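See structure below.
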Amino acid sequence: LTVSGDLVVEGVLVDELGKAAVVVAGDLDAHVVVSEADMLVGGELRARDFVWGNYSDGTLAVAGAITAPLLVLTNHTCECGSRAKSGRQLVDPDDDELTPLFVPTVLKDGSLDRRKVLAHLRKHAEVLRTDKPARAKAR
1 LTVSGDLVVE GVLVDELGKA AVVVAGDLDA HVVVSEADML VGGELRARDF
51 VWGNYSDGTL AVAGAITAPL LVLTNHTCEC GSRAKSGRQL VDPDDDELTP
101 LFVPTVLKDG SLDRRKVLAH LRKHAEVLRT DKPARAKAR
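Okay, here's the thing in structure tokens:
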């Protein structure tokens, strides 16, 4: 997908591994951005909910800033021309960091499960928690 100007997505934008790269000459606005392959943004990247860069063979390259409440990078290269303006940044997070943020049905063995996350997003199901998980009681 190549866009010569700005791109506004009223929903989720995914550059799935094995598919074509996403190139946006201007700004990119979406509810959620999932980058597995190569995504190049010539301006700013703004996500209402979160940005997830996943998979080692891909790169998320943004000339401007990335603005999102949550930026998660799991074994994914991210190059940002300006300082990221995300509320929280997680790089190769562990279970303790993911469990409070994501619904349990998209986690597997302490990591985000790609297949489950994408299935939830396709069904417009919640991926991020809206409640606070119960804390384990100290013994």
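Just so we're aligned, residue 1 is where the sequence shown starts under the working numbering, counting upward by one. Positions of the beta carbon are idealized from the N, C-alpha and C atoms, including for glycine. For clarity, every value in this text was computed on a predicted model and none was experimentally measured.
Per-residue DSSP class, three states only, for residue i
i	result
R115	helix
T105	helix
H124	coil
V8	strand
S35	strand
A68	coil
R129	coil
R88	strand
With 16 other Cβ atoms within 10 Å as the buried cut-off, status of residue i
i	result
R46	buried
D15	buried
G18	exposed
L121	buried
G58	buried
E10	exposed
Sheet register partners of residue i (DSSP bridge)
i	result
E97	None, per the DSSP bridge assignment.
V23	T2 and L40
L45	L28 and I66
P17	Here the sequence assigns Leu to residue 17, which means Pro is not the residue at that position. Answer is none; L17 lacks a bridge partner.
T77	T59
G53	S35 and L73
Within 7 Å, strictly: CB atoms of residue i and residue j
i	j	result
E79	Y55	no
A68	S86	yes
L28	V51	no
L7	M39	no
G53	H76	yes
Whole-Å CB distance - residue i paired with residue j, under 8 Å assumed
i	j	result
V12	A30	7 Å
T105	K116	6 Å
R83	A65	6 Å
D96	T74	No, D96 and T74 are not in contact; Cβ-Cβ is about 15 Å, not under 8 Å.
L128	F102	6 Å
V22	L1	5 Å
L107	T99	7 Å
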